[in-house]
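Let me begin by presenting the structure, written as C-alpha coordinates, before commenting on it.
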Amino acid sequence: MEYHFCGCVISDLEKIKYFIENRMEELNRYIPDDTKMFEIKLIVNELIINGALHGNELSRKKTVYVNIDFNGDMLFIKVRDEGKGIKYRMEDYNPEDMLSTGRGLILVNGLVDELKLDKNAIQAIINL
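In terms of this note's numbering, the sequence shown opens at residue 115 and continues consecutively.
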(Lines of atoms letter the chains of each structure in order from A and count residues from 1; the text may use other names and numbers.)
(Lines give C-alpha, C1' and ligand atoms only; values in the text may rest on other atoms or scores of the structure.)
Protein backbone atom coordinates (compact mmCIF):
# COMPACT_ATOMS: atom_id res chain seq x y z
CA MET A 1 0.00 0.00 0.00
CA GLU A 2 1.14 3.52 -0.75
CA TYR A 3 0.28 6.94 0.62
CA HIS A 4 1.11 10.25 -1.02
CA PHE A 5 0.34 13.70 0.33
CA CYS A 6 1.35 17.06 -1.09
CA GLY A 7 -0.06 20.17 0.54
CA CYS A 8 0.59 23.20 2.66
CA VAL A 9 -0.46 25.00 5.82
CA ILE A 10 -0.18 28.64 6.82
CA SER A 11 2.20 29.51 9.65
CA ASP A 12 -0.44 29.53 12.38
CA LEU A 13 0.08 27.14 15.30
CA GLU A 14 -3.63 26.28 15.68
CA LYS A 15 -3.99 25.52 11.97
CA ILE A 16 -0.78 23.49 12.07
CA LYS A 17 -2.10 21.38 14.96
CA TYR A 18 -5.27 20.55 13.01
CA PHE A 19 -3.26 19.95 9.82
CA ILE A 20 -0.91 17.48 11.53
CA GLU A 21 -3.78 15.61 13.22
CA ASN A 22 -5.46 15.11 9.84
CA ARG A 23 -2.28 13.90 8.15
CA MET A 24 -1.51 11.47 10.97
CA GLU A 25 -5.06 10.10 10.92
CA GLU A 26 -4.70 9.43 7.18
CA LEU A 27 -1.22 7.92 7.51
CA ASN A 28 -2.28 5.69 10.43
CA ARG A 29 -4.47 3.74 7.99
CA TYR A 30 -1.25 2.65 6.24
CA ILE A 31 1.00 2.39 9.29
CA PRO A 32 -1.03 0.81 12.13
CA ASP A 33 1.92 0.57 14.55
CA ASP A 34 1.16 3.02 17.40
CA THR A 35 4.81 3.34 18.46
CA LYS A 36 5.94 4.16 14.93
CA MET A 37 3.05 6.59 14.49
CA PHE A 38 4.01 8.37 17.73
CA GLU A 39 7.54 8.86 16.40
CA ILE A 40 6.29 9.94 12.97
CA LYS A 41 3.93 12.49 14.53
CA LEU A 42 6.79 13.86 16.63
CA ILE A 43 8.98 14.18 13.52
CA VAL A 44 6.28 15.84 11.41
CA ASN A 45 5.35 18.18 14.26
CA GLU A 46 8.96 19.28 14.85
CA LEU A 47 9.68 19.85 11.16
CA ILE A 48 6.51 21.82 10.43
CA ILE A 49 6.70 23.93 13.60
CA ASN A 50 10.39 24.64 12.93
CA GLY A 51 9.49 25.85 9.44
CA ALA A 52 6.64 28.02 10.67
CA LEU A 53 8.50 29.41 13.70
CA HIS A 54 12.09 29.82 12.51
CA GLY A 55 11.68 29.97 8.74
CA ASN A 56 8.44 31.90 8.41
CA GLU A 57 8.61 33.66 11.80
CA LEU A 58 4.94 32.71 12.36
CA SER A 59 3.84 35.09 9.61
CA ARG A 60 0.33 34.11 8.54
CA LYS A 61 1.23 35.45 5.11
CA LYS A 62 3.75 32.62 4.74
CA THR A 63 3.20 28.94 4.14
CA VAL A 64 4.86 25.66 5.10
CA TYR A 65 4.82 23.08 2.28
CA VAL A 66 4.65 19.39 3.16
CA ASN A 67 5.17 16.20 1.13
CA ILE A 68 4.66 12.80 2.73
CA ASP A 69 5.30 9.64 0.72
CA PHE A 70 5.00 6.08 2.02
CA ASN A 71 5.72 3.09 -0.21
CA GLY A 72 5.30 0.24 2.25
CA ASP A 73 8.94 0.08 3.34
CA MET A 74 10.07 3.70 3.42
CA LEU A 75 8.57 6.97 4.59
CA PHE A 76 9.74 10.28 3.14
CA ILE A 77 8.74 13.53 4.85
CA LYS A 78 9.77 16.77 3.17
CA VAL A 79 9.03 20.18 4.67
CA ARG A 80 9.83 23.51 3.04
CA ASP A 81 9.18 27.00 4.36
CA GLU A 82 9.51 30.50 2.92
CA GLY A 83 12.51 31.44 5.04
CA LYS A 84 16.12 32.09 4.11
CA GLY A 85 17.24 28.55 4.81
CA ILE A 86 18.34 26.29 7.61
CA LYS A 87 21.74 27.08 9.07
CA TYR A 88 22.21 24.09 11.26
CA ARG A 89 25.09 21.77 12.01
CA MET A 90 24.57 18.87 14.39
CA GLU A 91 28.12 19.19 15.71
CA ASP A 92 27.41 22.79 16.83
CA TYR A 93 24.63 21.72 19.21
CA ASN A 94 25.55 22.07 22.88
CA PRO A 95 23.31 19.94 25.14
CA GLU A 96 24.60 21.86 28.20
CA ASP A 97 23.18 25.12 26.83
CA MET A 98 19.55 25.09 27.95
CA LEU A 99 18.81 28.15 25.77
CA SER A 100 20.33 26.53 22.71
CA THR A 101 18.18 26.11 19.66
CA GLY A 102 18.30 22.98 17.58
CA ARG A 103 17.06 20.48 20.16
CA GLY A 104 14.10 19.61 17.93
CA LEU A 105 16.32 18.75 14.98
CA ILE A 106 18.62 16.70 17.23
CA LEU A 107 15.55 14.75 18.36
CA VAL A 108 14.35 14.29 14.77
CA ASN A 109 17.83 13.20 13.67
CA GLY A 110 17.79 10.50 16.35
CA LEU A 111 14.45 9.12 15.13
CA VAL A 112 15.11 8.99 11.39
CA ASP A 113 17.47 6.99 9.22
CA GLU A 114 18.53 10.01 7.20
CA LEU A 115 18.02 13.76 7.48
CA LYS A 116 18.77 15.97 4.48
CA LEU A 117 18.91 19.77 4.62
CA ASP A 118 18.80 21.89 1.48
CA LYS A 119 18.39 25.65 1.94
CA ASN A 120 14.84 26.15 3.27
CA ALA A 121 13.82 22.49 2.94
CA ILE A 122 14.42 19.45 5.10
CA GLN A 123 13.72 15.81 4.32
CA ALA A 124 13.45 12.97 6.81
CA ILE A 125 13.78 9.39 5.55
CA ILE A 126 12.58 6.49 7.68
CA ASN A 127 12.93 2.77 6.97
CA LEU A 128 9.87 0.98 8.32
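For glycine and all other residues, C-beta sits at the position ideal for the given N, C-alpha and C. Small disclaimer: the values here were computed from a predicted structure and weren't measured.
Residue range Asp148 to Asn164 is occupied by the alpha helix (DSSP H) that includes Ile157. In terms of Cβ geometry, Asn181 and Cys120 form a close pair [threshold 7 Å]. Between Asp227 and Ile240, the gap from beta carbon to beta carbon is short of 7 Å.
In this structure, the straight-line span from the alpha carbon of Asp126 to that of Ser173 is close to 8 Å.
In this structure, the CA atom of Thr177 is about 24 Å from the CA atom of Glu153.
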